[in-house]
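**Q**
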Amino acid sequence: MAAALTHTPVEDIPTIVSDLHQSFHGQKSQSIKFRIQQLRQLYFFVHENHEAIVKALKADLAKPEFETYLTEIGFVEEDVLGAIAGLESGRWQKDKKVPGIKLAMKAAAPWIKKTPMGVVLIIGAWNYPLQLVLCPFVGALAAGNCVVLKPSELSPHTAQLLAELFPKYMDQSCYRIVNGAIPETTKLLDENWDKIMYTGNSKVARIIAAAAAKNLTPTILELGGKNPTIVTNTANIPLAATRIAWGKFMNCGQTCLAPDYVLAESKQVEDELVAEFRKSLEKFYGEDDKIAEIENYGRIVNDVHCKRIAKALQESKGTIAFGGHVKIEERFIAPTIVTGVTHDDTLMSDEIFGPVLPIVTVNSVDEAVQFVNKYTDTPLALYIFSDDKKEVDKVLSQTRSGGVTVNDTIQHAAITNVPFGGVGESGMGAYRGQTSFDAFSHDRVIAKTPGWMEKIMAVRYPPYLPWKFKAIAAMAPKAWFKPGDTVRKRGKVSKWVLFAAIGLIAVWVGRIRGVAA
Numbered sequence: 001m002a003a004a005l006t007h008t009p010v011e012d013i014p015t016i017v018s019d020l021h022q023s024f025h026g027q028k029s030q031s032i033k034f035r036i037q038q039l040r041q042l043y044f045f046v047h048e049n050h051e052a053i054v055k056a057l058k059a060d061l062a063k064p065e066f067e068t069y070l071t072e073i074g075f076v077e078e079d080v081l082g083a084i085a086g087l088e089s090g091r092w093q094k095d096k097k098v099p100g101i102k103l104a105m106k107a108a109a110p111w112i113k114k115t116p117m118g119v120v121l122i123i124g125a126w127n128y129p130l131q132l133v134l135c136p137f138v139g140a141l142a143a144g145n146c147v148v149l150k151p152s153e154l155s156p157h158t159a160q161l162l163a164e165l166f167p168k169y170m171d172q173s174c175y176r177i178v179n180g181a182i183p184e185t186t187k188l189l190d191e192n193w194d195k196i197m198y199t200g201n202s203k204v205a206r207i208i209a210a211a212a213a214k215n216l217t218p219t220i221l222e223l224g225g226k227n228p229t230i231v232t233n234t235a236n237i238p239l240a241a242t243r244i245a246w247g248k249f250m251n252c253g254q255t256c257l258a259p260d261y262v263l264a265e266s267k268q269v270e271d272e273l274v275a276e277f278r279k280s281l282e283k284f285y286g287e288d289d290k291i292a293e294i295e296n297y298g299r300i301v302n303d304v305h306c307k308r309i310a311k312a313l314q315e316s317k318g319t320i321a322f323g324g325h326v327k328i329e330e331r332f333i334a335p336t337i338v339t340g341v342t343h344d345d346t347l348m349s350d351e352i353f354g355p356v357l358p359i360v361t362v363n364s365v366d367e368a369v370q371f372v373n374k375y376t377d378t379p380l381a382l383y384i385f386s387d388d389k390k391e392v393d394k395v396l397s398q399t400r401s402g403g404v405t406v407n408d409t410i411q412h413a414a415i416t417n418v419p420f421g422g423v424g425e426s427g428m429g430a431y432r433g434q435t436s437f438d439a440f441s442h443d444r445v446i447a448k449t450p451g452w453m454e455k456i457m458a459v460r461y462p463p464y465l466p467w468k469f470k471a472i473a474a475m476a477p478k479a480w481f482k483p484g485d486t487v488r489k490r491g492k493v494s495k496w497v498l499f500a501a502i503g504l505i506a507v508w509v510g511r512i513r514g515v516a517a
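Counting in the UniProt record's numbering, the sequence shown runs from 1 upward without gaps.
#1: For the alpha helix (DSSP H) containing ASP95, name the first residue and the last one.
#2: For ASP288, is the classification buried or exposed, using 16 other Cβ atoms within 10 angstroms of its Cβ as the cut-off for buried?
#3: By alpha-carbon positions, which one of ARG35, ASN407, THR409 and LYS482 ends up nearest to MET170?
#4: Using a Cβ-Cβ cutoff of less than 6 Å, which residues in the same chain neighbour GLY484 once the five nearest sequence positions on both sides are dropped?
#5: Could you give the uninterrupted runs of the alpha helix (DSSP H) lying entirely in the region 415-475, keeping only those of 4 residues or more?
#6: Count the other CB atoms within 10 Å of the CB of TYR461; is the residue buried (16 or more) or exposed (fewer)?
#7: DSSP three-state call for GLY200: helix, strand or coil?
#8: Just list the beta strand (DSSP E) runs in the region 374-413, keeping only unbroken ones of 3 residues or longer that don't cross its boundaries, in chain order.
#9: The beta strand (DSSP E) that contains TYR175, what's its start and end?
#10: When we look at the beta-carbon of LYS150 and count the other beta-carbons within 10 Å, is it buried (16 or more) or exposed?
#11: Using C-beta distances below 7 Å, list every residue in its chain close to ILE243, excluding the 5 sequence neighbours before and after it, in chain order.
#12: Tell me TRP111's beta-bridge partners as DSSP assigns them.
#13: Is CYS146 helix, strand or coil when you go by DSSP?
#14: Between which two residues does the beta strand (DSSP E) carrying GLU222 extend?
#15: My output table needs one value for THR158: the three-state DSSP class, helix, strand or coil.
#16: Helix, strand or coil: how does DSSP classify THR486 here?
#17: When you compare the CB positions of LEU223 and GLY90, do they come within less than 9 Å of one another, or not?
#18: What separation, rounded to the nearest whole angstrom, lies between the Cα atoms of ILE320 and LYS290?
#19: Assess, as a yes-or-no matter, whether the region 296-315 is touched by the region 33-47 under the definition of 3 or more beta carbon pairs within less than 8 Å.
#20: Is the region 234-248 in contact with the region 61-78, if contact means three or more CB pairs nearer than 8 Å?
#21: Please state whether DSSP places PRO238 in a helix, a strand or coil.
#22: Go ahead and label THR199 buried or exposed: buried means 16 or more other beta carbons lie within 10 angstroms of its beta carbon, across all protein chains shown.
#23: Let's test the definition: count the other Cβ atoms within 10 Å of the Cβ of THR217 and tell me whether it reaches 16, buried, or not, exposed.
#24: Apply the 10 Å Cβ neighbour rule to GLU330 and answer buried if 16 or more other Cβ atoms are within range, or exposed otherwise.
#25: Just to confirm the assignment, what range does the beta strand (DSSP E) spanning PHE322 have?
#26: With a CB to CB cut of under 7 Å and the five nearest residues on each side skipped, what residues in its chain are close to THR234?
#27: Measuring only the C-alpha atoms, how far is ASP95 from THR115?
#28: Check whether the Cβ atoms of PHE75 and GLN131 sit closer than 9 Å, and answer yes or no.
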């Protein structure tokens, strides 16, 4: 495993992309059998290189082996197995009938066929450098696309490992790795893509969206945000502290879904949380002044990010209640709890993306909701700890976020077969499970008009005579409500009634036509 990242020559990128377009138009990537075979190869790639992946992530992020398996290796393997099962069963690619078709078009029996988008670019992130490039790839591959993967250069050991091992398992005429930094990414964005997916920060996302817009290329943008965690007076505080601490400090706080700050409903809740955080963190990692010595805690990805987090912590007006130890030369920042934080604190200006958790005290759930909506309106995730259903319902109905977990953290995004994505500033689009397949597929509508419908369909042809207008009006759908009616559910109509209605319309059109003649 090489320590330095070998960049793909910029001049090779147009040829790589052109070759993938040729492969796609040759339909090599589109057969279900080929997709399943390649998904199996992807599974073997991850499964057979467990030790090498652990070493790479240890070198990049000091990620513990347990976290590597839980959030990277096992995560990808589960996605791959789910995709194979979805294709083998036919559920994912199955044609879908279109409901609610108007009477005159029922016989056309339109359906939706899932077709691949074409050639896709997936740009991964450094914080989960295996998962965040391979999980989207699973969906793109399963949908029948050809794909370029661009791992993050900020996790160079993992990116290099991907480049070295990927060609040994995957068909290079359909799937390629491009490594590099800004020049290589810029060149990639100059190419013509059928879809682009990016995981990372909103600043780069805007650059990618602007580049994609030049070619009207659709995008999936998985970003982040300051994920609020509301802890109410009714919450189980010891449980809340344990679960918040796990979600926050896993991967040294470098998780887009991590709780970014806590809104404690009262000073009492804040005090109890601090006491319980201390217990949980000492149980997880030991005494706070000795955490730097253990193997069970990661590191910040590089000096730049380490200095950024340390600066925000140093300039905070809050009080460090736990942790606060920083060793820039080791890229180490201890799990840190900060109390007495207000909305204008340095720790509240941007997503922290590190192991520092500020606590803001509010006076009610209503105030917590107002705080979220005013300062961090569309986070990727929102967490609420409460044993009161009305409180939970209030937060759910009056806030926005990509996803929510109640009385825990991260879990809504850990479920393989549900959509994962942001809203507003935290991104657009979603993936995971069948949603990934759908995200990288085009819904192609197909209709067949039988010849026997010509008597009905002939009314559309010129000349536009009065009787034709009457016939068209007769076939148009009619409102089932009147002004002032109360809202009610609409009953279902039997398919035999629909067929009978079509027949009657055909006869009626024929009679009108005869009279008009």
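By construction, the Cβ of each residue, glycine as well, lies at the ideal position given by its N, Cα and C atoms.
**A** Working from what's here:
#1: From DSSP, ASP95 is part of no alpha helix (DSSP H); its letter is neither H nor E.
#2: buried
#3: ARG35
#4: none
#5: 434-439, 454-457 and 466-475
#6: exposed
#7: coil
#8: 381-385 and 403-406
#9: 175-177
#10: buried
#11: The sequence shown places Arg at residue 243, rather than the Ile named in the question. Result list for ARG243: ASP408 and THR409, in chain order.
#12: LYS97 and ILE446
#13: strand
#14: 219-222
#15: helix
#16: coil
#17: no
#18: 17 Å
#19: no
#20: no
#21: helix
#22: buried
#23: buried
#24: exposed
#25: 319-322
#26: SER386, ASP387, ASP388 and GLU391
#27: 10 Å
#28: yes
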